[in-house]
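Enquirer:
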Amino acid sequence: MTASLTVRTESPSPARTESPSPTPTRVGNATPAPSWLGTRALPVGPQGYAAAQPTPPELRNRSIITVDELPPPADGRFHATVQAVPAGVLARSSWTKKCPIAAADLRYLTVSFRGFDGRAHTGELLANARAADDLVTVFKRLFAADFPIERMRISGAAELNAPSTGDANTTEVFACRPVRGHKGWSQHAYGLAVDLNPFQNPYHKGKVVLPELATAYLDRAETRPGMAQPREEAVQAFAAIGWKWGGDYRSLKDYMHFSATGG
109 MTASLTVRTE SPSPARTESP SPTPTRVGNA TPAPSWLGTR ALPVGPQGYA AAQPTPPELR
169 NRSIITVDEL PPPADGRFHA TVQAVPAGVL ARSSWTKKCP IAAADLRYLT VSFRGFDGRA
229 HTGELLANAR AADDLVTVFK RLFAADFPIE RMRISGAAEL NAPSTGDANT TEVFACRPVR
289 GHKGWSQHAY GLAVDLNPFQ NPYHKGKVVL PELATAYLDR AETRPGMAQP REEAVQAFAA
349 IGWKWGGDYR SLKDYMHFSA TGG
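Every number in this note's numbering is 108 more than the matching position in the sequence shown, counting from 1.
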């Protein structure tokens, strides 16, 4: 389904806030992020990547309060917008002219999501124009099901290329990068794949775990909030739009990954 260039929303597209909102001590079962989160770069071994490590106690049942980076929906309900990518948004993304998709074929989405704190928040995504409307449908369904998402924002090139801290947990679509361990473009580079709660849903192949500190979430028998599981809401929501799940791969497991092509 091809998305319209016009904004579809009950209210104007929210402007990006200048500073995050203050974080309370506890909201429901969610607590603030540890002070060290995202600050401790992992050493890269001789094989060229950081080794998997035991999950720190604070993250074994990860439930972190979302810090608002966009104004949350005032009425606490689901809202979405789809529009051509504003120049400022494109500039802070990982898109360049070398990417395999033209900027004109991308759309800027804002969608409401439910945090681990139970509150409604506003996230942003860059996605292929062909997938924009379907992705709104998916995230509306996840919101209605109270499926928790910690963070949803667009990453820039500097973030994608920064040393890994092994604890990232950003839900996003577009990332102009190759397939892990290969030279060909990832489906993320076409805006046709979603990584959902990467920490709760890590990538695993042999000794490689990404994020590297998410090893506690390799045990899929212990279902915890934010995990994508067979026959449960996240997997079903993406299956309903015809997208495949990396948790079904045989040679590896990419529990965070959903894509239009299955790649």
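From the three backbone atoms N, C-alpha and C, an ideal C-beta is built for every residue, glycine too.
Bear in mind the structure is a predicted one, so any value in this text is a computation, not a measurement.
1. Helix, strand or coil: which one does DSSP assign to T163?
2. Measure how close the beta-carbons of S201 and I262 come, nearest whole angstrom, since I'm counting them as under 8 Å.
3. Going residue by residue through the region 330 to 367, where are the continuous beta strand (DSSP E) segments of at least 3 residues, counting only ones entirely within it?
4. Taking contact to mean at least 3 C-beta pairs separated by less than 8 Å, is the region 253 to 262 in contact with the region 349 to 363?
5. Give every residue of the same chain whose Cβ lies closer than 7 Å to the Cβ of L300, excluding the five residues on either side of it in the sequence, and list them in chain order.
6. Work out the CA separation of A211 and S359 for me, nearest whole Å.
7. Got a sec? Which residues, its chain only, sit under 6 Å from L145 by beta carbon, not counting five neighbours each side?
8. Using DSSP with H/G/I as helix, E/B as strand and the rest coil, what is F221?
9. How about the region 318 to 329 and the region 157 to 165: do they share at least three Cβ pairs that are nearer than 8 Å?
10. Which of helix, strand or coil does DSSP assign to Q155?
11. Indicate whether F186 and K248 have their beta-carbon atoms separated by less than 7 Å.
12. Three or more C-beta pairs closer than 8 Å, one from the region 167 to 186 and one from the region 214 to 230: is that the case here?
13. Taking only three categories from DSSP, how would you classify L214?
14. When DSSP builds the beta bridges, which residues end up paired with I172?
15. Residues bridged to R259 by DSSP?
16. Taking N305 as the reference, which of V152, N269, Y357 and A342 has the closest Cα?
17. So F224 and S171 are supposed to be a Cβ contact under 8 Å. How far apart are they, rounded?
18. Here's the rule: buried if 16 or more other CB atoms are within 10 angstroms of the residue's CB, otherwise exposed. What is V181?
19. Tell me the rounded alpha-carbon separation between D241 and R285.
20. Can you tell which of R227, T163 and P165 has the C-alpha that lies nearest to the C-alpha of P179?
21. Which term fits P120, buried or exposed, when burial requires 16 or more other beta carbons within 10 angstroms of its beta carbon?
22. For G136, count neighbouring C-beta atoms within 10 Å of its own C-beta (all shown protein chains included) and say buried if the count is 16 or more, exposed if not.
23. Could you say which of R339, D362 and V197 lies nearest to F282 if we only look at CA atoms?
24. In this structure, does DSSP put Q308 in helix, strand or coil?
25. Got a sec? Which residues, its chain only, sit under 7 Å from T273 by beta carbon, not counting five neighbours each side?
26. In this structure, what does DSSP give as the bridge partners for N236?
Expert: Taking the structure as given:
1. coil
2. 5 Å
3. 365 to 367
4. no
5. N236, A239, S367, A368 and T369
6. 33 Å
7. D275
8. strand
9. yes
10. coil
11. yes
12. yes
13. strand
14. T139
15. T278
16. A342
17. 4 Å
18. Correcting the residue type first, residue 181 is Pro in the shown sequence and not Val. P181 is buried by the Cβ-count criterion.
19. 24 Å
20. R227
21. The pLDDT assigned to P120 is 41, lower than 50, so where the model puts this residue is not dependable; a value taken from the coordinates is nonetheless given after this. Looking at its Cβ environment, which holds fewer than 16 other Cβ atoms inside 10 Å, P120 is exposed.
22. exposed
23. V197
24. coil
25. G146, T147, R148, A149 and L150
26. L214
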